[in-house]
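Engineer:
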Amino acid sequence: MARARDGNLTIRPLTAARVDDVKTVTRGTWGASCWDLFPRYSPAQQRELGITGGGPGTNEERRRVALAKLARRRKNSAGLVAYQGGEPIGFISLGPRYDFSRIEHSRATPPVDDVAAWVIPCITVRRGHRGQGVAVTMIRAAVEYAGRRGAPAVEAYPRADRKRVHDDFAYFGTDAMFRKAGFRQVRGVLRGLPKDWAPRVTMRSVIRTRVAPGASGQRGRPSGDAPKRAPRAA
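Our numbering puts the sequence shown at residues 26 to 259.
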């Protein structure tokens with residue numbers, strides 16, 4: 026799908042066959058670092074699926090099954106996996122904003138406007154491969170992937186501070202990382218949020234030219250004419 030300049034990095038859409046590669050990237054723990062299920066489902070939905078908590082065993086297997094089902098059922102991939110020399114080294118979650126319940130309903134990430142943007146809720150790179158531009162390459166690949174599926178823009182909600190944090194809380198990414206990938210800030214840190222919440226900004230990459238949904242190979246309209254958020258089905 027996309028390759029880094031050195032030709033050694035390949036970005037592939039998440040499929041059911043690549044689910045275990047996500048586990049490899051997240052250091053063998055489905056609850057650590059970035060995993061697609063946390064932002065996608067509400068707490069009630071997670072309890073219904075049996076994927077709450079961070080314990081090993083059955084809960085871990087349920088998360089694997091849930092992610093595999095998601096990968097099989099979705100027309101658009103739920104994320105992208107980065108490989109170097111055939112080894113999985115990075116994962117980025119991606120999709121239309123309305124697909125992610127926590128993002129849709131969180132006080133930290135209210136909509137900026139009515140543009141039907143896609144979002145990147147989390148991103149992670151394995152230790153030993155960081156600081157080499159892998160994250161930025163994945164972000165750019167995610168924007169390209171979304172644009173080919175008709176997305177007018179892609180948003181992210183990275184940390185606005187420079188504090189070092191544990192890997193399990195670093196999956197938002199940083200504003201500098203997204204800026205390097207071509208995003209610009211469209212909203213600053215919101216006031217009135219709990220003090221123990223990470224300060225986050227809203228950043229956006231507007232897709233100037235894209236393929237319209239259902240029209241493979243056809244170019245979409247300029248981003249200034251981006252379609253607004255469609256009403257939800259009853």
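Cβ atoms here follow ideal geometry from the backbone N, Cα and C, with glycine treated the same way.
Using a 10 Å radius around the Cβ and a threshold of 16 neighbouring Cβ atoms, would you call LYS220 buried or exposed?
Structural biologist: Looking at its Cβ environment, which holds fewer than 16 other Cβ atoms inside 10 Å, LYS220 is exposed.
Engineer: I need the straight-line Cα distance from GLY104 to ARG233, nearest angstrom please.
Structural biologist: Going by the C-alpha atoms only, they are around 22 Å apart.
Engineer: Going by DSSP, what residue range makes up the alpha helix (DSSP H) through TYR170?
Structural biologist: Element bounds for TYR170: 159–172.
Engineer: Out of ILE114, ALA107, VAL144, ASP139, which one is the CA nearest neighbour of PHE125?
Structural biologist: Closest by alpha carbon: VAL144.
Engineer: Rounding to the nearest angstrom, what Cα-Cα distance links THR51 and VAL226 in this structure?
Structural biologist: Approximately 24 Å, taken between the alpha carbons.
Engineer: Which of the three DSSP states is assigned to SER102 in this structure?
Structural biologist: SER102: coil per DSSP, three-state reduction.
Engineer: Strictly by DSSP, which residues pair up with TYR108?
Structural biologist: According to DSSP, TYR108 bridges with THR35, PRO113.
Engineer: How is the alpha helix (DSSP H) around ARG229 delimited, first residue to last?
Structural biologist: Per DSSP, ARG229 belongs to no alpha helix (DSSP H); it is in the beta strand (DSSP E), 227–231.
Engineer: Whole angstroms are fine: how far does the CA of ARG89 sit from the CA of TRP55?
Structural biologist: Bear in mind that a pLDDT of 48 at TRP55, under 50, signals an unreliable position, so the number given afterwards is only what the model happens to contain. Looking at the two C-alpha atoms, the distance is approximately 8 Å.
Engineer: In the DSSP assignment, the alpha helix (DSSP H) including ALA201 goes from what residue to what residue?
Structural biologist: That run of the alpha helix (DSSP H) goes 200–205.
Engineer: Could you tell me if the beta carbon of ARG229 falls within a distance shorter than 7 Å of some heavy atom in the ligand FMN?
Structural biologist: For the structure depicted, the ligand FMN is absent and the ligand set is empty, with no information on it obtainable.
Engineer: Helix, strand or coil for VAL214? Go by DSSP, reduced to three states.
Structural biologist: VAL214 falls in the coil class under three-state DSSP.
Engineer: So, helix, strand or coil for ILE145, using DSSP?
Structural biologist: Strand at ILE145.
Engineer: For ASP139, does the count of other Cβ atoms within 10 angstroms reach 16, so buried, or fall short, so exposed?
Structural biologist: Exposed, because fewer than 16 other Cβ atoms sit within 10 Å of the Cβ of ASP139.
Engineer: Distance check for ILE148 and TRP222, CA to CA, integer angstroms please.
Structural biologist: Using only the alpha carbons, I get a separation of about 18 Å.
Engineer: Along the chain, where does the beta strand (DSSP E) containing ALA178 start, and where does it finish?
Structural biologist: Counting along the chain, the beta strand (DSSP E) containing ALA178 begins and ends at 178–181.
Engineer: Going by the DSSP bridge assignment, what does PRO121 pair with across the sheet?
Structural biologist: According to DSSP, PRO121 bridges with TRP143.
Engineer: Taking the alpha-carbon positions, what's the ALA41 to ARG72 distance?
Structural biologist: Cα to Cα, the separation comes out at about 22 Å.
Engineer: Using the Cα positions of LYS100 and GLN210, report the straight-line distance between them to the nearest angstrom.
Structural biologist: Going from the Cα of LYS100 to the Cα of GLN210 covers about 30 Å.
Engineer: Can PHE116 and ILE164 be called in contact, C-beta distance under 8 Å?
Structural biologist: No, the pair does not count as a contact, with Cβ atoms beyond the cut-off.
Engineer: Determine whether the beta carbon atoms of ALA185 and PRO135 lie at a separation below 8 Å.
Structural biologist: No. Outside cutoff.
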